[in-house]
DNA sequence: ATATTATCTTGACACTGTCAAGATTTGGCC
DNA sequence: GGCCAAATCTTGACAGTGTCAAGATAATAT
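Chains as they are written, first to last, in the numbering used here: chain D, 1 to 200; chain P, 201 to 400.
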């Protein structure tokens with residue numbers, strides 16, 4: 001339903017989709033406005049009818065990435081409503097898996113929008129919503145005595161930061177073979193989270 | 201001693217320096233080979249006598265960034281030889297401060313070299329050396345009973361990952377105002393580290 | 001049905017990374 | 001010292017990029 005349409009269809013979504021595909025196949029460096037247009041079967045400046053500039057397309061792609069991430073995260077959390085600790089573990093696992101499965105989308109989500117980030121309300125919204133979901137779980141963990149009292153937002157930043165940091169270092173090849181040779185990313189993240197929960 | 205030299209001098213270092221300056225003033229997006237050449241007072245393709253391509257220049261800039269980071273980190277550690285826990289705290293603080301003071305250099309160090317990273321031995325070396333320094337401190341902490349036994353490399357990844365992750369999220373504007381409004385990055389990192397040490 | 005608007009194409013511009021060819025300088029070697 | 005080879009730098013070119021202006025085409029509203 002996104003490609004049949006005659007002279008134009010919902011190009012906007014087609015462009016976002018094309019961008020995600022290029023990202024997956026050619027990486028961040030291969031993501032070009034003209035290439036996206038080509039892949040969507042449209043002239044090189046057609047995208048300007050839908051996005052004021054490249055940054056804006058990237059923001060849309062990032063937003064879509066966050067939507068997918070949120071969906072996965074939410075599903076993982078909902079699948080473990082009985083046990084807050086398990087919600088945190090499953091959520092973390094989902095987050096990590098998303099980064100592994102969509103490496104370059106993940107990279108662009110957390111790198112390019114930059115300071116102009118606030119100019120894209122949809123991005124800000126889903127980004128905050130995602131964070132809020134983490135805070136929810138932290139609160140549940142606090143109620144269950146799994147995490148000690150204190151600002152759930154601050155604690156969420158702490159936990160999210162650790163998971164995010166380990167993933168980032170791994171994706172950039174910064175984790176030495178000594179470690180990555182013996183443990184998968186999931187294992188390292190899981191170990192770190194376990195350590196963190198132990199201190200509560 | 202880097203600029204007097206007649207027709208050419210040690211252009212290589214001048215280019216690296218120019219790159220760092222541009223990074224500081226115009227950000228990652230503003231870092232252009234031709235701009236670097238211009239700033240070094242040289243023609244647009246002069247850099248090719250010293251770097252095979254742009255990636256290589258970026259690798260050199262990143263390497264220099266790591267050298268500076270290592271120096272700061274090492275100084276912080278050496279200033280607290282009496283107390284391993286304090287070494288970890290001071291090292292973390294130095295790392296964080298470097299990221300704050302040289303945001304775009306920090307970003308490029310951990311983002312662009314990418315998979316080709318292994319093609320730049322100097323980068324790999326200082327990068328590993330820096331990590332080893334963290335491992336050293338972790339070992340000292342273990343000896344002092346500040347950190348529990350276990351693979352110091354894995355524990356180092358855990359700690360470094362957390363610090364790095366919080367910094368990354370902060371630099372990308374991903375930490376909500378609820379948190380960043382009340383605490384500085386240094387405070388958040390410090391809080392996280394304190395939490396981590398408590399679990400040992 | 002016509003006029004307005006949204007969408008898309010074509011063509012251009014400055015800028016980028018990169019390469020080839022030539023000029024200039026340096027250093028080693030007689 | 002003077003010459004030759006290598007290193008260094010300049011000039012000019014190329015394809016590719018993001019972006020904009022002008023025009024063509026389709027959809028929508030009246």
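Ideal placement from N, C-alpha and C gives every residue a C-beta, glycine not left out.
For residue 368/P, the number of other beta carbons within 10 angstroms of its own is at least 16, and it is reported as buried.
Between residue 50/D and residue 23/D, the C-beta gap is not smaller than 8 angstroms, which leaves the two residues out of contact.
Between the segment 329 to 338 of chain P and the segment 180 to 195 of chain D there are fewer than three C-beta pairs closer than 8 angstroms, too few to call the two in contact. In the DSSP assignment, residue 174/D falls outside any alpha helix (DSSP H) and carries neither an H nor an E. The Cβ neighbour count for residue 319/P, taken over all protein chains shown within 10 Å, is under 16; the residue is labelled exposed. A contact is defined here as three or more CB-CB pairs under 8 angstroms, and the segment 139 to 153 of chain D meets this definition with respect to the segment 81 to 88 of chain D. Segment contact: the segment 369 to 387 of chain P against the segment 286 to 302 of chain P, three or more CB-CB distances shorter than 8 angstroms; contact assigned. The DSSP-derived three-state label of residue 320/P is coil.
Using a Cβ distance threshold of 8 angstroms, residue 236/P and residue 257/P count as a contacting pair. Within the segment 61 to 148 of chain D, the alpha helix (DSSP H) runs of at least 4 residues that lie entirely inside it are, in chain order, 84 to 101, 103 to 109 and 121 to 143. For the C-beta of residue 395/P, the chain D residues within less than 7 angstroms are, from N- to C-terminus, 158 and 199.
Chain order gives the chain D residues near residue 375/P as 157, where near means a beta carbon separation below 7 angstroms. Residue 192/D: member of the alpha helix (DSSP H) spanning 185 to 198, first to last residue. The continuous alpha helix (DSSP H) containing residue 214/P extends over residues 211 to 226. Along the segment 382 to 394 of chain P, going in chain order, the ones with a CB nearer than 9 angstroms to a CB of chain D are 382, 383, 388, 389, 391 and 392. The residues 291, 294, 295, 330 and 333, in chain order, have a CB closer than 7 angstroms to that of residue 273/P in the same chain once the five nearest residues on each side in sequence are set aside. At a C-beta separation below 7 angstroms, residue 331/P has these neighbours in chain D: 176. Approximately 12 angstroms separates the beta-carbon atoms of residue 52/D and residue 33/D; this is outside 8 angstroms, ruling out the contact. When 8 angstroms is used as the limit between beta carbons, residue 36/D is near no residue of chain P, the shortest such separation being about 18 angstroms. Per DSSP, reduced to three states, the secondary structure at residue 40/D is coil, with no helix or strand assignment.
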